[in-house]
Amino acid sequence: MQVTIFGTGYVGLVTGTCLAEVGNHVVCVDIDAAKIAQLQRGEIPIFEPGLAPLVRSNQGSGQLRFTDDAAAALAQAQVAFIAVGTPPDEDGSADLSHVLAVARTIGQVMCRPLVVVNKSTVPVGTADAVRAAITGELARRGAAIDFDVVSNPEFLKEGDAVQDCLRPDRIVIGSDSARAVELLRSLYAPFNRNHERIVLMDVRSAELTKYAANAMLATKISFMNEIASIAERVGADVEQVRRGIGSDPRIGYHFIYPGAGYGGSCFPKDVKALAHAARGQGCEPRLLDAVEAVNVAQKNRLFSMLEDHFDGALAGRRIAVWGLAFKPNTDDMREAPSRVLLEALWQAGATVRAHDPEAMEETRRLYGERADLLLCAQPYVALEGADALVVVTEWKVFRSPDFARIRACLRTPVVFDGRNLYEPAVVEAEGLAYYGIGRGRSIRTQNRP
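The number in my numbering is simply the position in the sequence shown, starting from 1, with 694 added.
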């Protein structure tokens, strides 16, 4: 099938590459000519496990191409995906300017019947706006070309996106057009061989499904972070609580890990956008507002723990930070808890020595060169002469460290475990003070400097 993807960001690049991998001819379009040139050279602008070799192999076979020429990209297309960003506006709503700009471009240059698939995360009613934008441009041209607009939200997890795309657990298609549904059934057939994964529904339900899914996952995270706060105050261990409730199949273990708060490109903006949309319809999104408020507070938790441990005397201290990306297996630092911590430490007069397996270049891009930030090539180098270690991202390389070596490197022996990777007794047996999230060990006076 001839497929065009508008947008070479995270969703567009992964989706286009995986569709090419199963035999389709895919053209990815972007208005950023420099980015297109980079992709044409086989250089991948994001880190995603398994993506780079697939891009290069499909480029080599001619199944995958990149261009900034929308008309050429649509010349033979049967289906066109809109996979551009919907960043949050100042009021929390989703900014649809990129989506509607693509819709207008499609209307201006399409030359044959087309199924337009909205892959971007968008509020309910966006398909109608896309349809109107395309129709308006066709009318200005005096062209009568049939097209359908379908909602087909993505459910890709950063760090596992290639596998999520090649082996989806569900494929949501929102459409009232039998022709469009059959075309997408054919397109997705290679991903749907073992059992039926396609979930058909109307367009508006599909648009809401994506927001509801992300809001539910964010709610589970904020709920556990609130339970962790309670555990600290009553002397319980949230990790034991997590195991106790996770064993209930109605609850399960997924997304009930307390930590430093959620980040990334999806959960923060989607919770805000859904809340904004609810208010626009006269609904008061009390739970969504609480989810967001808990998460904002949780991102400040590690700094508060540091401040309490050092009696507010953080000026001049060196803090080692392990993990900068918002989650493992990505270099994405959008809304990352690490950013809240770094900026609070700098404001308090501390310096940071940090290591992340993939996000160091992104950190340099965000913050530039500064005297109070040293990015270290190795995790233990970051510890040298530091007053504390703070673990922010649960990369596998941080999960079984040498605690004796940590103790030897640190100037003061204390670990702040923002992801509850370690057993407190094990850490303390090596002569280190330990603080986790909700471990029943609220800030204590012993082991302070």
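All C-beta atoms, glycine included, are put in the ideal place defined by N, C-alpha and C. From a predicted model like this one, the values you see are computed outputs, not experimental measurements.
Using C-beta distances below 8 Å, list every residue in its chain close to Val-720, excluding the 5 sequence neighbours before and after it, in chain order.
Numbered from 1 along the sequence shown, position 26 holds the residue referred to as residue 720. These residues qualify, in order along the chain: Val-697, Thr-698, Ile-699, Gly-710, Thr-711, Leu-713, Ala-714, Asn-752, Gln-757, Leu-758 and Arg-759.
In whole angstroms, what is the alpha-carbon distance linking Glu-1124 and Leu-881?
Taking the sequence shown and counting its residues from 1, the one referred to as residue 1124 is at position 430. Taking the sequence shown and counting its residues from 1, the one referred to as residue 881 is at position 187. Using only the alpha carbons, I get a separation of about 56 Å.
What are the start and end residues of the alpha helix (DSSP H) that includes Phe-917?
Working through the sequence shown from its first residue, we reach residue 917 at position 223. Phe-917 -> alpha helix (DSSP H) spans 897–928.
Check whether Thr-780 and Ala-771 have beta carbons under 8 Å apart:
Here residue 780 is taken as the residue at index 86 of the sequence shown, counted from 1. Here residue 771 is taken as the residue at index 77 of the sequence shown, counted from 1. Contact flag unset, no.
Return the CA-CA distance between Ser-814 and Ser-959, expressed in angstroms with no decimal places.
Within the sequence shown, numbered from 1, the residue matching residue 814 stands at position 120. Within the sequence shown, numbered from 1, the residue matching residue 959 stands at position 265. Using only the alpha carbons, I get a separation of about 12 Å.
Between which two residues does the beta strand (DSSP E) holding Ile-776 run?
For the purposes of this step, residue 776 is taken as residue 82 along the sequence shown, with counting starting at 1. Segment 773–776, the beta strand (DSSP E) holding Ile-776.
What does a CB cutoff of less than 6 Å around Ala-1030 pick up in its chain, not counting 5 residues either side in sequence?
Position 336 of the sequence shown holds residue 1030. Within the same chain, Ala-1030 has close Cβ partners Gly-957 and Phe-1020.
What is the rounded straight-line gap between the Cα of Thr-1139 and the Cα of Asp-1005?
Residue 1139 sits at position 445 when you count from the first residue of the sequence shown. Residue 1005 sits at position 311 when you count from the first residue of the sequence shown. Residue placement at Thr-1139 is poorly supported in this model, since its pLDDT is 36, which falls under 50; the coordinates are not used for a value here.
Answer yes or no: do Gly-1112 and Glu-926 have a C-beta to C-beta separation smaller than 8 Å?
Position 418 of the sequence shown, counted from the first residue, corresponds to residue 1112. Position 232 of the sequence shown, counted from the first residue, corresponds to residue 926. No, Cβ-Cβ distance for Gly-1112 and Glu-926 is not below 8 Å.
Buried or exposed, going by whether 16 or more other CB atoms sit within 10 Å of the CB of Cys-1103?
Along the sequence shown, read from residue 1 onward, the residue named residue 1103 stands at position 409. It is buried - the Cβ of Cys-1103 has at least 16 other Cβ atoms within 10 Å.
At least 3 beta-carbon pairs within less than 8 Å: the stretch 790–805 vs the stretch 727–735:
no
On the premise that Leu-996 lies in contact with Leu-1035, defined as a C-beta separation below 8 Å, what is that separation, rounded to the nearest angstrom?
Numbered from its first residue, the sequence shown carries residue 1035 at position 341. Numbered from its first residue, the sequence shown carries residue 996 at position 302. 5 Å between Cβ atoms; contact.
Can you tell me where the alpha helix (DSSP H) holding Ile-1100 begins and where it ends?
Here residue 1100 refers to the residue found at position 406 of the sequence shown. That run of the alpha helix (DSSP H) goes 1097–1103.
Just how far apart, CA to CA, sit Ile-924 and Gly-1132?
In the sequence shown, residue 924 corresponds to position 230, counting from 1. In the sequence shown, residue 1132 corresponds to position 438, counting from 1. Ile-924 and Gly-1132: Cα-Cα distance of roughly 7 Å.
According to the neighbour-count rule (16 or more other Cβ atoms, all chains shown, within 10 Å of its Cβ), is Gln-992 buried or exposed?
To locate residue 992, count along the sequence shown from 1; it is residue 298. The residue in question, Gln-992, is buried, as its Cβ has 16 or more Cβ neighbours within 10 Å.
Can you give the Cα-Cα distance for Asp-1002 and Ala-909, rounded to whole angstroms?
In the sequence shown, counting from the first residue as 1, residue 1002 sits at position 308. In the sequence shown, counting from the first residue as 1, residue 909 sits at position 215. So the two alpha carbons sit approximately 32 Å from each other.
Suppose you measure from the CA of Phe-1097 to the CA of Ala-1119; what does that come to, to the nearest Å?
As a first step, residue 1097 must be located in the sequence shown, where it is residue number 403. As a first step, residue 1119 must be located in the sequence shown, where it is residue number 425. Using only the alpha carbons, I get a separation of about 12 Å.
Tell me whether Ile-950 sits in a helix, a strand or coil according to DSSP, three-state version.
Taking the first residue of the sequence shown as position 1, residue 950 is located at position 256. If DSSP states are grouped into helix, strand and coil, Ile-950 belongs with coil.
At 4 residues or longer, and completely inside the stretch 698–754: list those alpha helix (DSSP H) runs for me, N to C.
704–715 and 727–734
Might you give, ordered along the chain, the residues of its own chain that have their beta carbon closer than 6 Å to the beta carbon of Ile-939, omitting 5 neighbours on each side?
In the sequence shown, residue 939 corresponds to position 245, counting from 1. Hits under 6 Å: Ile-945.
Extent of the continuous alpha helix (DSSP H) to which His-1003 belongs:
Counting from one through the sequence shown, the residue named residue 1003 turns up at place 309. Start and end: 995–1003.
Residues in its own chain within less than 7 Å of Pro-1107 by CB, not counting five upstream and five downstream?
Stepping through the sequence shown from its first residue, residue 1107 is reached at position 413. Here the set comprises Arg-1101, Gly-1125, Leu-1126 and Ala-1127.
Let me check one thing: in DSSP terms, what residues is Tyr-1144 bridge-paired to?
Residue 1144 falls outside the range modelled here, since the chain spans only 695 to 1143, and no answer is possible.
Length-filtered (3 minimum) beta strand (DSSP E) runs lying within the stretch 773–833:
Runs found: 773–776 and 808–812.
Less than 8 Å between the C-beta atoms of Gly-1130 and Val-1086, yes or no?
For the purposes of this step, residue 1130 is taken as residue 436 along the sequence shown, with counting starting at 1. For the purposes of this step, residue 1086 is taken as residue 392 along the sequence shown, with counting starting at 1. No, the pair does not count as a contact, with Cβ atoms beyond the cut-off.
So for Thr-761, helix, strand or coil by DSSP?
The residue given as residue 761 occupies position 67 in the sequence shown. The answer is strand: DSSP assigns Thr-761 an E or B state.
Does any heavy atom of the ligand PLP sit closer than 7 Å to the C-beta of Gln-802?
This structure lacks the ligand PLP; in fact it carries no ligand of any kind.
For Gly-974, which option in Leu-877, Gly-786, Ala-765 and Ala-1071 has the closest C-alpha, if you only look at C-alpha atoms?
Counting from 1 along the sequence shown, the entry for residue 974 is found at position 280. It is Gly-786 whose Cα lies nearest to the Cα of Gly-974.
Where Ser-959 sits in the DSSP three-state scheme
Counted from its first residue, the sequence shown places residue 959 at position 265. If DSSP states are grouped into helix, strand and coil, Ser-959 belongs with coil.
What's the call for Glu-848, buried or exposed, on a 16-neighbour Cβ count within 10 Å?
Position 154 of the sequence shown holds residue 848. Burial call: buried.
Roughly how many whole angstroms lie between the Cα atoms of Ser-704 and Arg-1064?
For the purposes of this step, residue 704 is identified with residue 10 of the sequence shown, where counting begins at 1. For the purposes of this step, residue 1064 is identified with residue 370 of the sequence shown, where counting begins at 1. A quick correction: the sequence has Tyr, not Ser, at residue 704. Distance between the alpha carbons of Tyr-704 and Arg-1064 is about 29 Å.
With 16 other CB atoms within 10 Å as the buried threshold, where does Lys-1090 fall?
Locating residue 1090 in the sequence shown gives position 396, where the first residue counts as 1. Exposed.
Whole angstroms is fine: what's the gap from Arg-1012's alpha carbon to Asp-1081's?
Residue mapping note: residue 1012 aligns to position 318 of the sequence shown, counting from 1. Residue mapping note: residue 1081 aligns to position 387 of the sequence shown, counting from 1. Whole-angstrom Cα-Cα distance: 5 Å.
Ordered along the chain, which non-local residues of its own chain (more than five positions away) have a Cβ less than 6 Å from that of Pro-782?
Indexing the sequence shown from 1 puts residue 782 at position 88. Lys-963 and Lys-966.
Neighbour-count burial assignment, Ala-837, 16 or more Cβ in a 10 Å radius:
The sequence position of residue 837 within the sequence shown is 143, counting from 1. With fewer than 16 Cβ atoms within 10 Å of its Cβ, Ala-837 is classed as exposed.
Sequence-distant residues of its chain with Cβ nearer than 8 Å to Cys-1145 (five each side left out):
The requested residue 1145 is not part of the displayed model; the chain covers only 695 to 1143.
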